[in-house]
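Residue numbers (the numbering used here): 4 to 185. One structure is given below, encoded as structure tokens.
If you want it as structure tokens, here you go:
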């Protein structure tokens with residue numbers, strides 16, 4: 004083998020090793036989608052472990068709130084959750100609101116320890132809802148996401164008390180995913 008052939012072989016092997024390392028690094032990424040909204044000392048994120056889920060596969064989508072201020076911890080005040088997570092199916096254009104109890108609760112967030120909740124459907128229907136909408140909602144209530152493209156729009160709604168007054172935090176994010184046939 005000539006010197007030039009050895010050099011080309013070495014370059015080929017290096018390129019192959021780098022490509023393998025890059026592919027492995029991409030597969031090790033925890034979240035494929037990761038959106039952030041930062042307001043003051045808080046970071047709000049919607050996260051999905053996948054872009055595409057198969058029918059009847061549990062969603063791995065989360066809302067997170069992280070405190071990054073100077074104190075070791077902070078108390079926030081909110082309804083049942085500091086998050087409002089609304090769902091829309093893009094093919095049918097069905098919008099599903101978000102139902103939540105509204106007592107005043109408090110949560111203590113520790114610095115750099117995200118407060119996380121998984122997405123769960125909370126919409127509903129009434130006697131005036133069309134039959135196809137009712138059937139769709141019933142599937143969602145059973146944890147079955149029909150084949151389609153979805154958007155979850157997330158918002159925060161909480162406040163903190165400072166020496167001066169209440170400070171309200173309203174941040175927004177959205178995340179899109181698809182449900183495909185098994």
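Each residue gets a CB set at the ideal place from its N, CA and C atoms; glycine is no exception. A quick note: this is a predicted structure, and the numbers were derived from the prediction, not measured.
>> Determine whether the beta carbon atoms of residue 67 and residue 119 lie at a separation below 8 Å.
In response: By 1-based counting over the chain shown, the position of residue 67 is 64. By 1-based counting over the chain shown, the position of residue 119 is 116. Yes, the pair counts as a contact, with Cβ atoms nearer than the cut-off.
>> For chain B, check one thing: does any of its Cβ atoms lie closer than 8 Å to the Cβ of residue 124?
In response: In the structure shown, chain B cannot be found, because there is only a single protein chain.
> Among 60, 154, 49 and 128, which one has its Cα closest to the Cα of residue 185?
Replying inline: What you label residue 185 is simply residue 182 of the chain shown in a count that begins at 1. Selected option, being the one with the closest Cα: 60.
> Does the beta-carbon distance from residue 46 to residue 73 come in below 8 Å?
Replying inline: As a first step, residue 46 is located in the chain shown; it is residue number 43 there, counting from the start. As a first step, residue 73 is located in the chain shown; it is residue number 70 there, counting from the start. Not in contact: residue 46 and residue 73 (Cβ atoms no closer than 8 Å).
> In chain order, what residues of the same chain lie with their CB nearer than 8 Å to the CB of residue 71, ignoring the 5 residues before and after it?
Replying inline: As a working mapping, residue 71 is identified with position 68 in the chain shown. 44, 45, 46, 114 and 115, listed in sequence order.
>> Runs of 3 residues minimum, wholly inside the segment 118-166: which ones carry the beta strand (DSSP E) assignment?
In response: 118-121 and 151-164
> Going straight from the alpha carbon of residue 54 to that of residue 161, what length do you get?
Replying inline: For this step, residue 54 is matched to residue 51 along the chain shown. For this step, residue 161 is matched to residue 158 along the chain shown. Cα-Cα distance, rounded: 29 Å.
> If you run the structure through DSSP and keep just helix, strand and coil, what is residue 106?
Replying inline: Reading the chain shown from its first residue, position 103 is the one you call residue 106. The answer is coil: DSSP assigns residue 106 none of H, G, I, E or B.
>> Under 7 Å: does the beta carbon of residue 135 sit that close to some heavy atom of the ligand GTP?
In response: With respect to the ligand GTP, the structure offers nothing, as it holds no ligand at all.
> Where does residue 71 fall in DSSP's three states?
Replying inline: Within the chain shown, numbered from 1, the residue matching residue 71 stands at position 68. DSSP places residue 71 in coil when its eight states are reduced to three.
> To which residues of the same chain is residue 100 closer than 7 Å at the C-beta, ignoring the five residues directly before and after it?
Replying inline: Position 97 of the chain shown holds residue 100. So the qualifying residues of the chain are 89 and 126.
> Excluding sequence positions up to five away, which residues of its chain have a Cβ less than 7 Å from the Cβ of residue 40?
Replying inline: Position 37 of the chain shown, counting from 1, holds the residue named residue 40. Contacts found: 47, 174, 175 and 176.
>> Tell me which residue opens and which closes the beta strand (DSSP E) that residue 52 is part of.
In response: In the chain shown, residue 52 corresponds to position 49, counting from 1. Neither: residue 52 is in no beta strand (DSSP E) and is coded neither H nor E.
>> Please classify residue 9 as buried or exposed, where buried requires at least 16 other C-beta atoms within 10 Å of its C-beta.
In response: Position 6 of the chain shown, counted from the start, is the residue given in the question as residue 9. A caution first: residue 9 carries a pLDDT of 44, below 50, which makes its placement in the model unreliable, though a value can still be read off. Result: exposed.
> In the structure shown, what three-state DSSP assignment does residue 176 receive?
Replying inline: One-based indexing of the chain shown puts residue 176 at position 173. Strand, per DSSP.
> What are the boundary residues of the beta strand (DSSP E) that residue 91 is part of?
Replying inline: Counted from its first residue, the chain shown places residue 91 at position 88. 76-92 is the extent of the beta strand (DSSP E) around residue 91.
>> Let's see if you can read the secondary structure: which residues bound the beta strand (DSSP E) around residue 98?
In response: In the chain shown, residue 98 corresponds to position 95, counting from 1. Its beta strand (DSSP E) spans residues 97-99.
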